[in-house]
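Here is the structure we will look at, set down as structure tokens.
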Amino acid sequence: MATKMTREAAVARREGVLQAARWCFLNFGFSKTSLDDIAKRANISRTLLYKSFKDKEDIFAAVFADWLVARQPAALEAARAAGNPYERLLNVCRLMVLEPWADMVGAPMAAQFYDVCDRLDPDVSANHRRVAHECAAAILGNDAAAEVFLLALDGLLADQPTTAVLEQRVQLLADRFVQPQVKKGRG
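Using our numbering, read the sequence shown as starting at 202 and increasing by one per residue.
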């Protein structure tokens, strides 16, 4: 007789599948990743994949949504937090760009990851962009500046920089939009 899986175990299994699938998609690409690849990496049977996901596209959409959407509440909170605008902008960029970039930089198929998501689930990509815009606008004070900031931020990724290089670039970009507050000494 099969035992019923606890909610915690089901959540842990799903998280394991999403991590395994993300690794496969980043290393093999969407088209060359099979459900068998994901199942093997997650240490479960292919049949168990079908209990949670209808197909590979469904898994990919779940990976992308879990990976990015989970960061949005923290980014919105960082944008609305007290403190200087420079630090708030850096915190939003860390959550929405730097941390996801660190997860995928150097992976053989990273460049196609966002393109596949745009094709399979454009709503997730659009929502991510909308939240990033909302965060930037809350900090910068207007929509036009937020849009220019995000376009410039997109450009920083064009040559697939290392995480350290991207972080330096983001700091330089943020500095152009909001000046960091420098504590003045008594003199």
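Virtual Cβ for every residue (Gly too), placed ideally from N, Cα, C. This one's a predicted model, so the numbers in the text were calculated from it and none came from an experiment.
- ASN292: member of the alpha helix (DSSP H) spanning 286 to 294, first to last residue.
- LEU351 is positioned such that its CB atom lies no closer than 7 Å to that of GLU258.
- Considering only VAL366, PRO362, PHE231 and ALA240, the residue with the shortest C-alpha distance to GLU216 is ALA240.
- CA-to-CA, the gap between TYR251 and ALA213 works out to about 16 Å.
- Collapsing the DSSP output to three states places PHE226 in a helix.
- In the three-state reduction of the DSSP assignment, LYS255 falls in the coil class.
- Unbroken alpha helix (DSSP H) runs of no fewer than 4 residues, entirely contained in the region 320 to 372, are found at 323 to 341 and 344 to 356, following chain order.
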